[in-house]
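*Asks:* I'd like to ask you about the structure that follows.
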C-alpha cells in the first residue's frame with residue numbers, strides 16, 4: 001500500500017465572547033462610565049477564546065487546539081447588578097497555517113486460541129513495526145503506545161440440565177490489540193512510514209488513521225487573541241453607538257483554557 005500524502009492547509013480559529021458594559025441613557029447623574037466612582041458596580045465582560053487548527057478539506061485531518069480559552073472582564077457602570085447590565089457580543093478570528101506534523105495511528109491485532117499465543121503474536125508484530133519506524137528515522141519519543149487490550153472471543157451454546165435448557169457463553173479464543181501513535185515530522189515521508197509499518201506488521205497490522213497537525217499551535221495564540229478581541233470590541237462599539245450608550249472602561253480580565261476541536265468543512 002503506497003500512500004501519497006498531500007500537505008493540507010489548516011485553519012486556526014479563535015472564538016471570543018465579550019460582554020461589554022454600557023451606561024444606560026437614563027442614568028441619573030449623567031456621568032460616563034469612566035467618571036463613575038460608585039463602589040460595587042461590576043458589569044461583566046466575558047471573553048471566551050477557544051482556538052483550533054483544522055483542515056478545510058481532505059480526509060482524516062486532526063484538529064489541534066490553539067487559543068486563549070475563556071476570559072472574563074469587567075467594565076464599570078452605574079448598575080450594581082452585573083448580571084443585568086452590559087452588551088453581550090462574540091468575537092471570532094481565524095488564520096490559515098500549513099501543518100508541520102502528521103499523526104499516524106497504527107496497531108496490531110492477533111487472534112489465537114490462548115492468551116499467551118495471542119500476546120506473543122501481537123508483541124512480535126509490534127516489535128517489528130517499532131524497529132521499522134526507527135529504521136526510517138522516527139524518534140523513540142515520537143512512537144507512543146496508546147492502548148493495549150486482551151479480549152476473549154465467545155460463542156453461545158445451548159446447555160441442558162435438570163433445571164432446563166439455557167444458553168451459556170463459551171470462550172473460543174482471545175484477541176490481543178496494541179496501538180501506537182506515531183508522529184511523522186517530515187510530511188513527505190508519511191507514505192513510506194505507512195508502507196514500512198504495513199510490511200513489518202504483516203497481516204496483523206492495522207492503520208487506524210492519518211491526521212495532520214501543527215506541532216506548536218501556541219505560537220499562534222497571541223495573534224488569535226488579538227484578532228478575536230478586536231472583532232468583539234468592534235461589535236460592542238457598534239451596538240453601543242446604535243443604542244445611544246457609551247461603553248465603560250475595561251476593569252477586569254481573566255482567562256481559562258479550552259481544547260474543543262472544530263472541523264472546518
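Residue numbers (my numbering): 1 to 265.
Backbone N, C-alpha and C define an ideal beta-carbon position, used for all residues, glycine too.
1) Roughly how many angstroms separate the alpha carbons of residue 168 and residue 174, rounded to a whole number?
2) Tell me whether residue 246 sits in a helix, a strand or coil according to DSSP, three-state version.
3) So, are the CB atoms of residue 240 and residue 91 less than 9 Å apart?
4) Once the 5 residues before and after residue 102 are set aside, which same chain residues still bring their CB inside 6 Å of it?
5) Count the other CB atoms, across all protein chains shown, that sit within 10 Å of the CB of residue 215; report buried if there are 16 or more and exposed otherwise.
6) May I ask you to report which of helix, strand or coil DSSP gives residue 186?
7) Starting from residue 133, follow the alpha helix (DSSP H) in both directions and report where the run begins and ends.
8) Excluding five sequence neighbours on each side, which residues of the same chain lie with their C-beta closer than 6 Å to the C-beta of residue 113?
9) Going by CA-CA distance only, name the one from 180, 154, 225, 111 that's closest to residue 141.
10) How should residue 243 be labelled, buried or exposed, when 16 other C-beta atoms within 10 angstroms of its C-beta is the threshold for buried?
11) Using only alpha-carbon positions, find the residue among 108, 232, 98 that is nearest to residue 148.
12) Return yes when the Cβ of residue 128 is within less than 9 Å of the Cβ of residue 200, no when it is not.
13) Let's see if you can read the secondary structure: which residues bound the beta strand (DSSP E) around residue 104?
14) Compute the Euclidean distance between the alpha carbons of residue 116 and residue 97, then round it to the nearest angstrom.
15) Could you spell out the range, first to last residue, of the beta strand (DSSP E) harbouring residue 97?
16) For residue 158, report the span of its beta strand (DSSP E) as first-last.
17) Within this structure, are the beta carbons of residue 126 and residue 182 separated by less than 9 Å?
18) So, are the CB atoms of residue 121 and residue 204 less than 9 Å apart?
19) For residue 161, is the classification buried or exposed, using 16 other Cβ atoms within 10 angstroms of its Cβ as the cut-off for buried?
20) How long is the line joining the alpha carbons of residue 192 and residue 166, rounded to whole angstroms?
21) Compare the Cα-Cα distances from residue 150 to each of 135, 171, 137, 134 and report the closest residue.
22) Note down the Cα distance separating residue 164 from residue 154, rounded to an integer number of angstroms.
23) Grab the span of the beta strand (DSSP E) containing residue 211 for me, first residue to last.
*Replies:* Looking at the atomic coordinates:
1) 18 Å
2) strand
3) no
4) 184, 187, 190, 212
5) exposed
6) coil
7) Counted as a single uninterrupted DSSP element, the alpha helix (DSSP H) harbouring residue 133 occupies residues 115-135.
8) 173
9) Out of 180, 154, 225, 111, 180 has the C-alpha closest to the C-alpha of residue 141.
10) exposed
11) Closest option to residue 148, Cα to Cα, is 108.
12) yes
13) 101-112
14) 47 Å
15) 87-97
16) 143-161
17) Between residue 126 and residue 182, the CB-CB gap reaches or exceeds 9 Å.
18) In this structure, residue 204 lies closer than 9 Å to residue 121 by Cβ.
19) exposed
20) Cα atoms of residue 192 and residue 166: separation of roughly 53 Å, rounded to the nearest angstrom.
21) 171
22) 22 Å
23) 205-213
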